[in-house]
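Read the structure below first, then the notes.
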Amino acid sequence: MLDVVKAFLFEKFWLPIIDESVYYNPYNTAVYAILFGLIVIYILKPLVRQKLDVEIDKKFVLGFTPFIAFGGVARALKDVNAFNTILLETPFIYGLLIITAVSMLVASKKIEEYRGIEYQKVLASMGLGALLLILPFFTLQEPKALTTFLLTIPAWALPGYLILKAEKPELLSWEFTLPVAAHFLDATSTFAALSYGAEEKHVLGRIAIDIFGSWGMFPLKAAVIIPVVLYIRENFSEEEKVFYLFIIIALGLGIATRNTVQTVSL
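Using our numbering, the first residue of the sequence shown is number -6, and each one after it goes up by one.
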């Protein structure tokens, strides 16, 4: 029995980490999602709001945005063989990024306390500095992929804006547009990557692409993210709402950044 369990854990959890040719499966996807949710709800949110006494608002979200981009680019360091370490693989990279993010937040609050500079500005500067520090590890190898990514954005952004303006103008706020746009950027990055020979590794993504083709991530994101964002906006208090929307933004933008950098650099 123990050998069976070991074989199962190796095949479903460890093998996808050490062998990039092995895709994600329903087992590790579900476990990682549950663990991430528990960490967000029971560790990160109380830590940020209660222990660090940080007000979770729009400034908090914008202050962390450069760090989110840094996280996505950092994840791609292993993809381009800049560093060969297991720490840059899922799920370890998320733990590393969470520790780094909390450390930056603590440091920025200390600087605000002693220097009087708003922590959001310090945090954004730290994230931007970290991003600029690792960008030299990448070179533009596929300019056409970057062009595809950039030209695809208006194909959904402009119609989306016009539809919202005509039918649901109350949704033209950052609380709706930023999380949805972040995940549509993820879908755009996947489309661009698939157009230049990449393969989708995630379970739901593969199903959507099998059904709809290389555009498959767009209906998947629309079907999942939009209802989730609307539910959060309508059913959570202000700070809880902003925090969960921030997590959604981080997941979408981080993956979009990683996909794009990886595609144009390989």
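C-beta: ideal position from N, C-alpha, C; glycine also.
Values in this document were obtained by computation on a predicted structure and should not be read as measured data.
If you compare the alpha carbons of Leu238, Phe184, Ser230, Glu233 with that of Pro212, the shortest gap goes to Phe184. Fully contained in the region 77 to 113 are the following alpha helix (DSSP H) runs of length 4 or more, in chain order: 85 to 108.
For the pair Tyr87 and Ala67, the Cα-to-Cα distance works out to about 11 Å. The C-alpha of Glu48 is placed about 13 Å away from the C-alpha of Ser101. Within 10 angstroms of the beta-carbon of Pro39 lie fewer than 16 other beta-carbons, which makes it exposed.
Counted as a single uninterrupted DSSP element, the alpha helix (DSSP H) harbouring Arg251 occupies residues 231 to 258. Note on geometry: alpha-carbon atoms of Asp72 and Asn18 lie some 20 Å from one another. Annotation: Met(-6) is outside any alpha helix (DSSP H) and is labelled neither H nor E by DSSP. Per DSSP, Asn74 lies in no alpha helix (DSSP H) segment and is marked neither H nor E.
Excluding sequence positions up to five before and after Gln134, its CB lies within less than 7 Å of the CB of Val257, Ser258, Leu259, all in the same chain and listed in chain order. Distance check between Trp149 and each of Lys44, Thr253, Asp179 places Asp179 closest, using alpha-carbon atoms only. Taking C-alpha positions only, Leu128 is separated from Asp46 by approximately 33 Å.
The three-state secondary structure of His176, taken from DSSP, is helix. Rounded to whole angstroms, the separation of the alpha carbons of Thr250 and Gly64 is 8 Å. Taking the Cα positions, Tyr112 is about 17 Å away from Val235. One thing to note: Ile202 has its Cβ no nearer than 8 Å to the Cβ of Ile218. Taking C-alpha positions only, Ala69 is separated from Asn252 by approximately 8 Å.
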